[in-house]
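Colleague:
Residue numbers (this note's numbering): 534 to 881.
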C-alpha cells in the first residue's frame with residue numbers, strides 16, 4: 534500500500550460517496566493527482582461495469598479505488614417491521630402513500646460473487662470496504678487480483694481486527710465524518726471518537742498505513758492529520774460542491790447557504806445505519822436516532838419511498854443531505870481546484 538500511496542502526486546483519497554457522485558468525479562480526482570474512488574454499493578452489476586469502463590478508458594493505470602459495503606444482512610421480525618411502518622404512517626398518510634406499495638429491495642448490496650467477477654475483470658488497484666470485510670473466501674479472491682485492501686475503522690478495536698483479517702491499510706474514520714459510520718464490531722455510537730483522537734491511537738495500535746478521515750476539509754485539517762501520523766488523508770465533504778460531483782441542486786444550495794451545516798446530526802432514520810448529515814423533518818420530529826428504525830439497510834426502503842414522494846411534490850424535507858461536521862469549509866470549484874486547496878496543507 535505504501536507503494537500505491539507514493540505513486541500519487543498528493544497522498545489524498547477522494548472518499549467514495551454513494552448518491553452524490555459517479556465516475557466523473559473519480560476520473561477528475563485521479564487526473565488531479567490523488568486517488569479517486571467509485572462508490573459501488575448502490576450500483577447494479579451493469580452500472581458498475583459501465584462506470585469502471587469509463588474510468589479505465591479515461592485514466593488507464595492511475596491509482597483508483599472501488600468501494601463496496603461488507604455488511605451482513607439483518608432479518609428483523611414482523612413486529613419490528615410493523616413498528617417501523619407505524620412510526621412513518623403519519624408521513625405516509627400526508628403524501629397519500631401506502632405501505633402496501635413499498636418497492637422490493639433496499640438499494641444497498643453487500644459485496645458478493647457477482648461484484649467479484651467484475652472486479653476480477655477490471656482489476657482496480659485498490660478495493661475498499663465499509664462495515665468490515667467480506668467473508669474470507671471472497672476477500673482472498675479480491676487480493677489474488679492484485680488489489681490492495683482498505684477498510685474503515687471507527688475504533689482501535691476495529692483497526693486491530695482489520696489488520697488481523699487482511700486489510701493492507703486502515704481508514705481511521707472519526708466522529709466528524711459525513712455519511713455512514715463504518716462500524717462493524719458493535720453498535721454503540723458513543724464508542725466512536727473524533728478523528729484527531731482516533732488517528733494517533735490507531736497509529737500506535739497497528740503496523741499498517743493509516744488514512745485519516747472525518748473533518749478533513751481544508752489545508753489546516755490536512756496539515757493536522759499528517760502532524761498526528763497519517764500516511765494519507767481521505768476527504769469527502771470537501772468534494773460535494775465540486776463541478777464534477779453529482780450532488781443535487783438542493784443539496785448544493787444547502788451547503789452553499791450554510792443552512793444547518795453547523796448542526797449536523799447522526800441519524801438511523803434514513804437507512805437504519807448511523808450516518809451524519811443535515812437535519813431534516815424526520816430527525817427534528819422523531820429525534821435523530823429512534824429504536825424503531827429497522828437495521829441497516831432495511832430502513833431505507835420506506836424512507837426512500839417517502840423521500841421520493843416528497844421530492845416529486847417539490848419538497849426536500851425528507852431528503853438525506855449527507856455531510857461532515859466541517860461542511861461549512863466546503864467550497865465550489867473544479868475537483869482540481871479543491872485538490873489544490875487541500876494539498877496546500879502538505880507543503881513543508
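Glycine residues also receive a C-beta, built at the ideal position from the N, C-alpha and C atoms.
1) Would you mind giving the Cβ-Cβ distance between residue 596 and residue 540, rounded to the nearest angstrom? I have them listed as a contact below 8 Å.
2) Considering only DSSP beta bridges, list what residue 620 is partnered with.
3) Is it the case that the segment 569-579 contacts the segment 771-783, given that we only count it when at least three CB pairs across the two stretches are under 8 Å?
4) So for residue 562, helix, strand or coil by DSSP?
5) For residue 588, is the classification buried or exposed, using 16 other Cβ atoms within 10 angstroms of its Cβ as the cut-off for buried?
6) What are the complete alpha helix (DSSP H) segments, minimum 4 residues, inside the segment 694-760?
7) Within 8 Å of any Cβ in chain B, is that where the Cβ of residue 673 sits?
8) Strictly by DSSP, which residues pair up with residue 662?
9) Take residue 592 and list the residues in its own chain whose beta-carbon comes closer than 7 Å to its own, dropping the five residues that flank it on each side.
10) For residue 852 versus residue 830, is the C-beta distance shorter than 8 Å?
11) Cutting at 8 Å between CB atoms, please list the residues of its own chain near residue 614, excluding the five before and the five after it.
12) Among all the DSSP beta bridges, which residues are the ones paired with residue 568?
13) In terms of residues, what are the limits of the beta strand (DSSP E) holding residue 768?
14) To the nearest angstrom, how far is the alpha carbon of residue 647 from that of residue 582?
15) Suppose you measure from the CA of residue 736 to the CA of residue 855; what does that come to, to the nearest Å?
16) Looking at the structure shown, is residue 816 part of a helix, part of a strand, or coil, going by DSSP?
17) Please report the distance separating the alpha-carbon of residue 711 from that of residue 686.
18) Excluding sequence positions up to five away, which residues of its chain have a Cβ less than 7 Å from the Cβ of residue 763?
19) In its own chain, which residues sit with a C-beta less than 7 Å from the C-beta of residue 825, not counting the 5 before and 5 after it?
20) Should the segment 833-842 be regarded as contacting the segment 858-873, the criterion being three or more beta carbon pairs within less than 8 Å?
21) Thinking just about the alpha-carbon of each residue, which of 755, 707 and 700 is nearest to the one in residue 739?
22) If you count every other CB in all the chains shown that lies within 10 Å of the CB of residue 857, and 16 or more means buried, which is it?
23) Starting from residue 834, follow the beta strand (DSSP E) in both directions and report where the run begins and ends.
24) Inspect the beta-carbon positions of residue 948 and residue 756 and report whether they are closer than 8 Å.
25) Using CA atoms only, rank isn't needed, just tell me which of 534, 727 and 545 is closest to residue 759.
26) Can you grab the Cα-Cα spacing for the pair residue 769 / residue 594, in whole Å?
27) Indicate the three-state DSSP secondary structure (helix, strand or coil) for residue 876 in the structure shown.
28) Compute the Euclidean distance between the alpha carbons of residue 518 and residue 633, then round it to the nearest angstrom.
29) Less than 7 Å between C-beta atoms, sequence neighbours within five positions excluded: which residues of the same chain meet that for residue 753?
30) Here's a check: name, in chain order, each residue in its chain whose Cβ is nearer than 8 Å to the Cβ of residue 721, leaving out the five neighbours to either side.
31) Go through its chain and collect everything with a Cβ distance to residue 840's Cβ below 6 Å, but skip five positions before and after it.
32) If residue 537 sits next to residue 658, beta carbons under 8 Å apart, how far is it from one beta carbon to the other, in whole angstroms?
Modeller: Once the coordinates are examined:
1) The count along the chain shown starts at 1 and reaches residue 596 at position 63. The count along the chain shown starts at 1 and reaches residue 540 at position 7. Residue 596 to residue 540, Cβ: 6 Å. Contact.
2) The sequence position of residue 620 within the chain shown is 87, counting from 1. Partner(s): none; residue 620 has no beta bridge.
3) no
4) Counted from its first residue, the chain shown places residue 562 at position 29. Residue state, collapsed to three classes: helix.
5) Along the chain shown, read from residue 1 onward, the residue named residue 588 stands at position 55. Burial call: buried.
6) 728-738 and 752-760
7) In the displayed structure, chain B is absent; only one protein chain is listed.
8) Along the chain shown, read from residue 1 onward, the residue named residue 662 stands at position 129. DSSP lists 601 and 684 as partners of residue 662.
9) Position 59 of the chain shown, counting from 1, holds the residue named residue 592. Closer than 7 Å at Cβ, skipping near neighbours: 560, 563 and 564.
10) For the purposes of this step, residue 852 is identified with residue 319 of the chain shown, where counting begins at 1. For the purposes of this step, residue 830 is identified with residue 297 of the chain shown, where counting begins at 1. No, the Cβ-Cβ distance between residue 852 and residue 830 is not below 8 Å.
11) On the chain shown, position 81 is the one that residue 614 refers to. So the list reads 827, once near-sequence residues are dropped.
12) Against the chain shown, residue 568 aligns to sequence position 35. Partner(s): 546.
13) Numbered from 1 along the chain shown, position 235 holds the residue referred to as residue 768. Unbroken beta strand (DSSP E) run through residue 768: 765-768.
14) As a working mapping, residue 647 is identified with position 114 in the chain shown. As a working mapping, residue 582 is identified with position 49 in the chain shown. Computed Cα separation, rounded: 11 Å.
15) Stepping through the chain shown from its first residue, residue 736 is reached at position 203. Stepping through the chain shown from its first residue, residue 855 is reached at position 322. The straight-line gap from Cα to Cα measures roughly 28 Å.
16) Translated into positions along the chain shown, residue 816 becomes position 283. Residue state, collapsed to three classes: helix.
17) Residue 711 sits at position 178 when you count from the first residue of the chain shown. Residue 686 sits at position 153 when you count from the first residue of the chain shown. Straight-line Cα distance between these residues: approximately 14 Å.
18) Stepping through the chain shown from its first residue, residue 763 is reached at position 230. Once the five neighbours on either side are set aside, the close Cβ partners of residue 763 are 732, 743, 744 and 745.
19) Walking along the chain shown from the start, residue 825 turns up at place 292. Closer than 7 Å at the Cβ level, and outside the excluded window around residue 825, lie 616, 617 and 620.
20) no
21) Position 206 of the chain shown, counted from the start, is the residue given in the question as residue 739. Selected option, being the one with the closest Cα: 700.
22) Looking up residue 857 in the chain shown gives position 324. Buried.
23) Residue mapping note: residue 834 aligns to position 301 of the chain shown, counting from 1. Not the beta strand (DSSP E): residue 834 falls in the alpha helix (DSSP H), residues 832-845.
24) With the chain covering only 534 through 881, there is no way to say anything about residue 948.
25) Along the chain shown, read from residue 1 onward, the residue named residue 759 stands at position 226. It is 545 whose Cα lies nearest to the Cα of residue 759.
26) For the purposes of this step, residue 769 is identified with residue 236 of the chain shown, where counting begins at 1. For the purposes of this step, residue 594 is identified with residue 61 of the chain shown, where counting begins at 1. The alpha-carbon atoms of residue 769 and residue 594 are separated by roughly 23 Å.
27) The count along the chain shown starts at 1 and reaches residue 876 at position 343. DSSP places residue 876 in helix when its eight states are reduced to three.
28) Given a span of 534 to 881 for the chain in the structure shown, any question on residue 518 remains unanswerable.
29) The count along the chain shown starts at 1 and reaches residue 753 at position 220. Result list for residue 753: 878, in chain order.
30) For this step, residue 721 is matched to residue 188 along the chain shown. Nothing meets the Cβ criterion.
31) Here residue 840 refers to the residue found at position 307 when the chain shown is read from its first residue. Cβ within range, chain order: 851 and 852.
32) In the chain shown, the residue the question calls residue 537 occupies position 4. In the chain shown, the residue the question calls residue 658 occupies position 125. That pair is a contact at about 6 Å.
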